[in-house]
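Residue numbering for the sequence shown follows my numbering, starting at 13 and increasing by one per position. The block underneath contains the structure these notes are about, expressed in structure tokens.
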Amino acid sequence: EASPSPIQRGGSRLRWHCSSFHGGDDYPCKIIKPFFHSLSEKYPNVLFLEIDRDDCQSVAKEREVKCMPTFQFLKKGQKVGEFSGANKEKLEDAFNEFV
């Protein structure tokens, strides 16, 4: 049996987390990043993770990330939702829907 990934292990101890998959120099990733950080203050019960696709290609592949930025919402280690893009309103709507 395969051992769980770090995301699964971390997610099993925490109720909610949101993973932000981004590319270092991608413009959409740069413009949404400060807003993503501000959401961590609004949602203190959520673990916020930033995952650079260049540094963590295997994690991005495992999580089936197709474009940047992509935000995945997990509850107890299981994906319950996903949003891709740099639209602040839609990202906050995704938080309201999935968290």
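Backbone N, C-alpha and C define an ideal beta-carbon position, used for all residues, glycine too. Predicted model, so just to flag it, every value in this text is computed and none were measured.
How about residue i and residue j: do their beta carbons lie closer than 7 angstroms?
| i | j | result |
| --- | --- | --- |
| VAL92 | PHE110 | yes |
| TRP28 | VAL58 | yes |
| CYS41 | MET80 | yes |
For the alpha helix (DSSP H) that residue i lies in, which residues bound it at each end?
| i | result |
| --- | --- |
| GLU94 | Careful: GLU94 lies outside any alpha helix (DSSP H), inside the beta strand (DSSP E) at 90-96. |
What first and last residue would you give for the beta strand (DSSP E) that runs through residue i?
| i | result |
| --- | --- |
| CYS30 | 28-34 |
Say yes only if the C-beta of residue i is nearer than 6 angstroms to one or more non-hydrogen atoms of the ligand GTP, and no if none qualify.
| i | result |
| --- | --- |
| PHE60 | No copy of the ligand GTP occurs in the structure displayed, which carries no ligand at all. |
Sort out for me which residues DSSP pairs residue i with in a bridge.
| i | result |
| --- | --- |
| LEU59 | HIS29 |
| ASP64 | HIS34 |
Taking buried to mean at least 16 other C-beta atoms within 10 Å of its own C-beta, is residue i buried or exposed?
| i | result |
| --- | --- |
| ILE52 | Contrary to the premise, residue 52 reads as Ser rather than Ile in this sequence. Its Cβ having fewer than 16 others within 10 Å, SER52 is exposed. |
| HIS34 | buried |
| SER50 | exposed |
| ILE19 | Only weak support is given to the placement of ILE19: the predicted model assigns it a pLDDT of 47, under 50, and the question is left unresolved by the model. |
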